[in-house]
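Note that the working numbering has the sequence shown beginning at 1, numbered continuously upward.
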Amino acid sequence: MSGYFKDIQEGIGTAFKGMSIVMKHLLKPKVTRQYPNPEARFQLPERARNRLYVNMDDCIGCDQCARACPVNCITIDTAKAIAGENIGTTSNGKKKSLWVTRFDIDIAKCCYCGLCVYPCPTECIIMTDVYEFSEYDRVNLIYNYATMDASEAAEHTEKAKKEDERLAAERAKQAEEKAKAAAANPQPAAPPAPAPQAPPAAGGIKPPPFAAKPGGIKPPPFKAG
Ligand code: SF4
Ligand code: SF4
């Protein structure tokens, strides 16, 4: 019975204790921040790593960023420019030779390591200060940076494929003509190779045979009996 009254007393005591904390903080200034609040954005350090951005005008499709990525979240497809096609140059004067038909970054996989930024020869992939980009659907976190649409990309890919085939056919034809010319004008047989010299006998190198120099030492005169 005493335990029953003790529990009631404890229940009332904890209720009062909780309410006293509420009353204590009721009139104090608020310490929480409303989020999102565009007027009170966090000031990030200058080199903070957040969402990536790719300036496609300067991208040459070299794939170095994709190869550096430890989680394989960058996918790049390119098509070679055909002979005489001018794709333009980058802002640091590098001539472009590849169409970038696809440049996707799956930012949901990105770990913001920044390893893709350093090897870029044209400095066109950079970290921005954008850190609020949550989405309800994961698919929306795959960013497509390529500036051409699917039909244009397919057109460039097809043109590059045909150019590759043409060049391969040209090389095969040249090789065939060379082989025919070689068959029509056979080269004279090469002279036999000289026989290999025997190695010196064991026991060291022998001195060369003696040859008397003209005007050198003469043998003694012959004396009979
Ligand atoms: S920051 Fe790191 S993980 Fe993200 S794309 Fe670049 S290399 Fe990949
Ligand atoms: S390293 Fe730079 S230039 Fe090369 S594909 Fe990546 S973003 Fe483009």
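For each residue, glycine too, the CB sits at the ideal point set by N, CA and C.
Asked: C120 beta carbon near ligand 2 (any heavy atom closer than 7 Å); Found: yes
Asked: Nearest to G84 (by Cα), restricted to the options I74, K96, N92, A168; Found: K96
Asked: Backbone CA spacing between I125 and E46 [nearest angstrom]; Found: 16 Å
Asked: Neighbour-count burial assignment, F16, 16 or more Cβ in a 10 Å radius; Found: exposed
Asked: Nearest neighbour of A150, chosen from R33, T101, P121, A40 [CA to CA]; Found: T101
Asked: Per-residue burial, Y112 [other beta carbons within 10 Å of its own, 16 or more giving buried]; Found: exposed
Asked: Buried/exposed call for V54, threshold 16 Cβ in 10 Å; Found: buried
Asked: CB of C62 within 8 Å of CB of P121, strictly; Found: yes
Asked: Backbone CA spacing between V139 and M56 [nearest angstrom]; Found: 21 Å
Asked: M23 - containing alpha helix (DSSP H), residue span; Found: 2 to 26
Asked: Spatially closest choice to Y145 from D106, G114, R171, by CA coordinates; Found: D106
Asked: Three-state class that DSSP yields for R166 in the structure shown; Found: helix
Asked: Counted within 10 angstroms of its Cβ, other Cβ atoms place I74 as buried (16 or more) or exposed; Found: buried
Asked: Nearest residue (CA-CA) to Y118, options A68, P196, E10; Found: A68
Asked: In DSSP terms, what F240 is bridged to; Found: As displayed, the chain neither begins before 1 nor continues past 225, which places residue 240 out of reach and without an answer.
Asked: Cβ-Cβ distance between F41 and M127 below 8 Å; Found: As written in the sequence, residue 41 is Arg, which differs from the Phe given in the question. For R41 and M127, no; Cβs fall outside 8 Å.
Asked: Cβ-based neighbour list, L141, same chain, cut-off 6 Å, excluding 5 preceding and 5 following; Found: I107, A108, E135
Asked: Sequence-distant residues of its chain with Cβ nearer than 8 Å to K6 (five each side left out); Found: none
Asked: Three-way DSSP call (helix, strand, coil) for L141 in this model; Found: helix
Asked: Proximity below 8 Å, CB of K173 to CB of I82; Found: no
Asked: Residue environment, A79, which counts as buried when at least 16 other CB atoms sit within 10 Å; Found: buried
Asked: Residue interval of the alpha helix (DSSP H) (run including R67); Found: 64 to 68
Asked: Euclidean distance between Cα positions of P188 and A182; Found: 12 Å
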